[in-house]
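Read through the structure below, which is laid out as structure tokens, and then see the notes.
In this note's numbering, the protein residues as written are 501 to 667.
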């Protein structure tokens with residue numbers, strides 16, 4: 501079964517009352533866990549192409565109330581969201597966090613803000629950190645935004661990153 505695309509994930513998370521961006525970017529385990537039962541399950545809009553596609557796939561249904569369209573996520577859609585959410589948030593305790601954990605977060609951040617540097621955005625950000633930021637050189641505002649956002653984590657991997665760049 502195909503995965504939800506970025507827009508579908510955002511809309512489903514919003515419909516279920518989940519703050520997707522904050523969940524992925526947080527380091528706290530409690531932020532990366534979904535509740536057993538969602539406190540809401542609706543999305544109201546005049547028309548929404550993303551939800552229309554979800555309806556075709558059987559992951560959502562539409563209801564009209566007071567001349568307004570309400571979209572609801574089906575049980576199948578919720579189960580699929582739970583599975584993909586667990587993969588996306590990728591919780592790891594602090595002592596077990598490695599470079600792949602950081603790369604996952606950088607790629608999600610870049611994707612969320614539609615930053616397109618190259619095939620693997622995390623490689624671009626890491627390279628910019630080592631080759632430009634640490635040397636005090638100018639970077640584009642989007643690259644700078646990413647480096648500043650992940651500066652603390654990039655610094656913790658500085659020895660590994662600088663060694664990799666030299667090789």
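C-beta atoms are modelled at their ideal positions from N, C-alpha and C, and glycine is treated no differently.
All of these numbers come straight from a predicted model, not from anything done at the bench.
The beta carbon of residue 601 sits closer than 7 Å to those of 590, 592, all from its chain and outside the five residues before and after it, given in chain order. If you compare the alpha carbons of 616, 529, 651, 620 with that of residue 633, the shortest gap goes to 651. Beta-bridge partners of residue 543 (DSSP): 571. If you ignore the 5 residues before and after residue 603, its C-beta comes within less than 6 Å of the C-beta of 622, all in its own chain and listed in chain order. Here the alpha carbons of residue 646 and residue 639 stand approximately 10 Å from one another. Beta-bridge partners of residue 563 (DSSP): 570. Contact between residue 509 and residue 520 is confirmed by a C-beta separation of about 6 Å, below the 8 Å threshold. A buried status is given to residue 605, since no fewer than 16 other beta-carbon atoms sit within 10 Å of its beta-carbon. Residue burial is scored here from C-beta neighbours: residue 618 has fewer than 16 other C-beta atoms within 10 angstroms and is therefore classed as exposed. Short of 7 Å from the beta carbon of residue 628, and not among the five residues preceding or following it, lie these beta carbons of its own chain, in chain order: 639, 643, 647.
Residue 572 sits close to residue 541, with the two beta carbons spaced by under 8 Å. Rounded to whole angstroms, the separation of the alpha carbons of residue 630 and residue 579 is 41 Å.
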